[in-house]
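**Student:** Submitted below is the structure of interest, expressed as structure tokens.
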């Protein structure tokens, strides 16, 4: 069963880090599968959703456009008619799966999202390209897991609002997640990508 179609338009270019956050995480992910979530210590301390978070040291100093009001940590207007407000609530190693297994020498990391669709008609998975930057400095693409389906997969999430939807990214064994990146499929690079540090 095909899991998800590729986005109609994927805009790729040089990174422009503008919105940042943090997800607390233990220093190492055990090699043995546990299926249990990695709980964040405290929610990210953010300002009002209408104020962008401070850029990371490696980010550009370019200020993003004023986003619409949203209930979650980040609000992204793709400039093409869709506005999503979302939070990354936690990461989990070897998340529960409906179908598919990691390739030999790799494992799955689940990214859990809460989100609300403020404007437009495109679903969350069509609006964003999702990546994990590993401890090896390599970007791992959510689209590379197109043949697998997680429980509560974000691809099948409600198009208006959802909680605890899961995106699965495959990493090599021994590589830990360092950052989660969400890049607007239709607005990037004009719309800065959202970069969340994993701690």
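Residue numbers (mature numbering (1 follows the signal peptide of the UniProt record, and there is no 0)): -20 to -1, 1 to 179. We put the CB at the ideal spot given by N, CA and C, even for glycine. Predicted, not measured: the structure shown is a model, and the values here were computed from it.
Here's the rule I'm using: 16 or more other beta-carbon atoms within 10 Å means buried, otherwise exposed. How should residue 116 be labelled?
**Tutor:** Residue 116 is exposed by the Cβ-count criterion.
**Student:** Could you name the residues of the same chain whose beta carbon sits closer than 6 Å to that of residue 61, not counting the 5 residues immediately before and after it, in chain order?
**Tutor:** Contacts found: 100.
**Student:** Identify, in the order they occur along the chain, each residue of the same chain with its Cβ nearer than 6 Å to the Cβ of residue 161, setting aside the five sequence neighbours on each side.
**Tutor:** Taken in chain order, the residues that qualify are 111, 173, 175.
**Student:** How should residue 167 be labelled, buried or exposed, when 16 other C-beta atoms within 10 angstroms of its C-beta is the threshold for buried?
**Tutor:** Buried: at least 16 other Cβ atoms inside 10 Å.
**Student:** When burial is assigned at 16 or more other CB atoms within 10 Å of the CB, is residue 75 buried or exposed?
**Tutor:** Residue 75 should be labelled buried.
**Student:** May I have the straight-line CA-CA distance separating residue 147 from residue 135, to the nearest angstrom?
**Tutor:** One C-alpha to the other measures close to 8 Å.
**Student:** Closest to residue 109 by C-alpha separation, out of 52, 103, 123, would be which residue?
**Tutor:** Considering only alpha carbons, the answer is 123.
**Student:** Nearest by alpha-carbon distance to residue 178: which of 50, 56, 72, 66 is it?
**Tutor:** Selected option, being the one with the closest Cα: 72.
**Student:** From which residue to which residue does the alpha helix (DSSP H) around residue 104 run?
**Tutor:** Taken as a continuous stretch (DSSP letters only), the alpha helix (DSSP H) holding residue 104 covers 104 to 107.
**Student:** What does a CB cutoff of less than 8 Å around residue 83 pick up in its chain, not counting 5 residues either side in sequence?
**Tutor:** 150.
**Student:** State the start and end residues of the unbroken beta strand (DSSP E) segment that holds residue 78.
**Tutor:** Where residue 78 is concerned, the enclosing beta strand (DSSP E) stretches over 77 to 79.
**Student:** In the DSSP assignment, find the beta strand (DSSP E) that holds residue 178 and state where it starts and stops.
**Tutor:** Run containing residue 178: 173 to 178, per the beta strand (DSSP E) assignment.
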